[in-house]
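K.L.:
One structure is given below, represented as structure tokens, and several questions about it will come after.
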Amino acid sequence: MCTDTQARVDHGHVRAWLPYAGFTVFGAFWGVWGASVPVIRDQAGLTDGQLGTALLFIAAGALPAMPLAGRAVDRWGHRVTAITLMSLGIAGIAVAVTARDLPALCVGLTVLGASSGAADVTINAAAGSVQRAHGRPVITRAHGFFSLAVVAASLVTGLLNAAGLPVVMPYVLVMLGAGAVSAAIVAGDRTRADAGRHGRARTVTARTVTARSGPGLRAHLPLLLVAGGLGALGFAVENAHQSWSAVYLADTVRAGPALVGAGPAVFALAVSLTRFAVSAVKTRQARIVLTVGAVISAAGTSLLALTASLPLALLGLALAAVGTAVLFPTVLGLATANVPDAARGAATSVVSTSAYVGYLAGPVYVGHWAQASGLPGAMLAVAALAAALALLAWPALRAVVPSPAWRATAEAGATGRPRA
12 MCTDTQARVD
22 HGHVRAWLPY
32 AGFTVFGAFW
42 GVWGASVPVI
52 RDQAGLTDGQ
62 LGTALLFIAA
72 GALPAMPLAG
82 RAVDRWGHRV
92 TAITLMSLGI
102 AGIAVAVTAR
112 DLPALCVGLT
122 VLGASSGAAD
132 VTINAAAGSV
142 QRAHGRPVIT
152 RAHGFFSLAV
162 VAASLVTGLL
172 NAAGLPVVMP
182 YVLVMLGAGA
192 VSAAIVAGDR
202 TRADAGRHGR
212 ARTVTARTVT
222 ARSGPGLRAH
232 LPLLLVAGGL
242 GALGFAVENA
252 HQSWSAVYLA
262 DTVRAGPALV
272 GAGPAVFALA
282 VSLTRFAVSA
292 VKTRQARIVL
302 TVGAVISAAG
312 TSLLALTASL
322 PLALLGLALA
332 AVGTAVLFPT
342 VLGLATANVP
352 DAARGAATSV
362 VSTSAYVGYL
372 AGPVYVGHWA
382 QASGLPGAML
392 AVAALAAALA
402 LLAWPALRAV
412 VPSPAWRATA
422 EAGATGRPRA
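Under the working numbering, think of the first position of the sequence shown as 12, with each following residue one higher.
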């Protein structure tokens, strides 16, 4: 039987590094992707409109893959993480090599989206498991590693592209990193299997885990769905800035070519530093963190929308990043704090899939508002999303966490601090 003690052993010291390594590889991949999109667009001979159409295929692949990945983690454990990270590395290389026209890019991005969505769920599930087992704020710190890796990989990719190296080169480096992490996961599984083998067939444990995951998930479903909705608002704000900050600095602030890239870099760096800083603050009030973060994000986005000065625009981006940084890690930690490990993958996929819809919708939302009222108006519309999150978070979470004792435990779990 898969007891809580077994879960603590399975997610103990051997795997304590897994969320950080997984999020670093994941962030490196998306940093490489963001910096290489213009090169891939030119390689495929696409217009901006065609590129926008192709990017939708990432969602087409990711959304169905995310719940499947959650179930796979619950059945087979975090060996699935090794598979998804390797798949992501392979998909990146395939896109870089085969994207020679629109159909080829659309097919490649569908596969890439499926690999990315699956990896997103598996590494978040690993972070939740290790956080519960060790009582440390693993989720927030792991997301900090993601943002830091995005910054580093973007800069390295820019240097490689400027040196005239093939577009596939940074993807090969990501693949090597994914291979190293995956090999360590598999090696750790083999070591535990040899040390703890008592003659019981693995299929018995697999059936037990699968049998227990359904009831465990249903008991937490209202909170998971609410957390996913709040996460969608947070991710919409985050990806709106990540996707449009460079364009905003170029078109509205009139920043020069050398300074345009400062927007995404400042935003990602501020997100990373905030996540590391907040993870050290062992707050018991996750809802307060969520509400205050949304307010700061709304204020920073409003400042960005109302200024034409580059320093003030960068300050607004930094403030928006500081507020945005705490949103998704907080709701994910709160929603899954008391979910049993047998249902953790499925629970993570519910929150992540719902939130991912907001991540995809954020840039589109900005585009429609920019068409109607210009980029400053679009940024005010993004600030309105953050303000809506600030207003909704407290009553929405209170409605689905009825027990004061349960709520106190869950809030403590969001930041990794067990209550006495």
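Ideal Cβ placement from N, Cα and C applies to all residues, glycine included. The structure presented is a predicted model; accordingly, all values stated were derived computationally and were not measured.
Judging by CA-CA distance, which residue of H89, R52, L187 and G81 is the nearest neighbour of L113?
P.N.:
Looking up residue 113 in the sequence shown gives position 102. Closest option to L113, Cα to Cα, is R52.
K.L.:
Assign R265 to one of two classes, buried (16 or more other C-beta atoms within 10 Å of its C-beta) or exposed (fewer than that).
P.N.:
Indexing the sequence shown from 1 puts residue 265 at position 254. Exposed is the call here.
K.L.:
For my contact list, V132 and T359 are in at a C-beta cut-off of 8 Å; report their separation, rounded to the angstrom.
P.N.:
As a working note, residue 132 is residue 121 in the sequence shown. As a working note, residue 359 is residue 348 in the sequence shown. Contact flag correct, Cβ pair sits at about 6 Å.
K.L.:
Quick one: residues in its chain with C-beta nearer than 6 Å to the C-beta of A401, no 5 flanking neighbours on either side, listed in chain order?
P.N.:
To locate residue 401, count along the sequence shown from 1; it is residue 390. Within the same chain, T302, A305 and V306 come within 6 Å of A401 by CB-CB distance, once the 5 residues on both sides are set aside.
K.L.:
Could you give the residue range of the alpha helix (DSSP H) that holds P374?
P.N.:
Translated into positions along the sequence shown, residue 374 becomes position 363. Residues R355 to V411.
K.L.:
Measuring CA to CA, which of A309, T341, L317 and V192 is closest to Y259?
P.N.:
As a working mapping, residue 259 is identified with position 248 in the sequence shown. It is L317.
K.L.:
What distance in whole Å lies between the Cβ atoms of G373 and F246, which are believed to be in contact at a cut-off of 8 Å?
P.N.:
Residue mapping note: residue 246 aligns to position 235 of the sequence shown, counting from 1. Residue mapping note: residue 373 aligns to position 362 of the sequence shown, counting from 1. Contact flag correct, Cβ pair sits at about 7 Å.
K.L.:
Nearest CA to the CA of V141: which residue from A198, V185, F34 and A27?
P.N.:
Taking the sequence shown and counting its residues from 1, the one referred to as residue 141 is at position 130. When each option's Cα is compared against that of V141, the closest is A27.
K.L.:
Quick one: what's got a C-beta closer than 7 Å to P30's C-beta in the same chain, skipping five residues either side?
P.N.:
By one-based count along the sequence shown, residue 30 stands at place 19. Closer than 7 Å at Cβ, skipping near neighbours: I134, A137, A138, V141, V149 and A153.
K.L.:
Taking the alpha carbon of A107 as the point to measure from, which residue in L184, Y376 and V237 has its own alpha carbon closest?
P.N.:
Along the sequence shown, read from residue 1 onward, the residue named residue 107 stands at position 96. The residue with the shortest Cα to Cα distance from A107 is L184.
K.L.:
To the nearest angstrom, how far is it from the Cα of A336 to the Cα of A309?
P.N.:
Locating residue 336 in the sequence shown gives position 325, counting from the first residue. Locating residue 309 in the sequence shown gives position 298, counting from the first residue. Roughly 13 Å separates the two Cα atoms.
K.L.:
Would you check if the distance between the CB atom of I9 and the CB atom of L123 is smaller than 8 Å?
P.N.:
This structure leaves residue 9 out entirely; the chain is present only between 12 and 431.
K.L.:
Who are the near neighbours of G327 in its chain, counting only those whose CB is closer than 6 Å to its CB and skipping five residues on each side?
P.N.:
For the purposes of this step, residue 327 is taken as the residue at position 316 of the sequence shown. Correct list, in chain order: G311, L314 and L315.
K.L.:
Under three-state DSSP, which class holds S98?
P.N.:
Residue 98 sits at position 87 when you count from the first residue of the sequence shown. Residue state, collapsed to three classes: helix.
K.L.:
Is it true that the CB of G274 sits closer than 8 Å to the CB of S256?
P.N.:
If you number the sequence shown from 1, residue 256 lands on position 245. If you number the sequence shown from 1, residue 274 lands on position 263. Result yes, Cβ atoms of S256 and G274 sit closer than 8 Å.
K.L.:
Tell me which same chain residues have a C-beta within less than 7 Å of the C-beta of N250, skipping the five on either side of it?
P.N.:
Numbered from 1 along the sequence shown, position 239 holds the residue referred to as residue 250. Excluding residues within five positions, the ones whose Cβ falls inside 7 Å are Y370, G373 and P374.
K.L.:
Taking the alpha helix (DSSP H) that D112 belongs to, which residues open and close that run?
P.N.:
Counted from its first residue, the sequence shown places residue 112 at position 101. Element bounds for D112: n/a, residue is neither H nor E.
K.L.:
Taking the C-alpha atoms as reference points, what is the distance between A381 and L234?
P.N.:
Within the sequence shown, numbered from 1, the residue matching residue 381 stands at position 370. Within the sequence shown, numbered from 1, the residue matching residue 234 stands at position 223. Cα to Cα, the separation comes out at about 34 Å.
K.L.:
Look up P49 in the DSSP assignment and say whether it is helix, strand or coil.
P.N.:
Here residue 49 is taken as the residue at index 38 of the sequence shown, counted from 1. P49 sits in a helix when the DSSP states are folded into three classes.
K.L.:
Taking Cβ to Cβ, would you say T347 is nearer than 8 Å to V362?
P.N.:
Within the sequence shown, the letter at position 336 stands for residue 347. Within the sequence shown, the letter at position 351 stands for residue 362. Yes.
K.L.:
In whole angstroms, give me the CA-to-CA distance for T263 and P387.
P.N.:
Here the question's residue 263 lines up with position 252 in the sequence shown. Here the question's residue 387 lines up with position 376 in the sequence shown. Spanning the two alpha carbons is a distance of roughly 8 Å.
K.L.:
Comparing C-alpha positions only, which one of A404, A73 and G155 sits nearest to V282?
P.N.:
What you label residue 282 is simply residue 271 of the sequence shown in a count that begins at 1. Per the Cα distances, G155.
K.L.:
Tell me whether R218 sits in a helix, a strand or coil according to DSSP, three-state version.
P.N.:
Position 207 of the sequence shown, counting from 1, holds the residue named residue 218. Below a pLDDT of 50, predicted positions are generally treated as unreliable, and R218, at 40, falls in that range; no measurement from the model is reported.
K.L.:
Using only CA atoms, which one of A160, V248, G356 and L244 lies nearest to L280?
P.N.:
Position 269 of the sequence shown holds residue 280. Checking every option, the nearest Cα to that of L280 belongs to A160.
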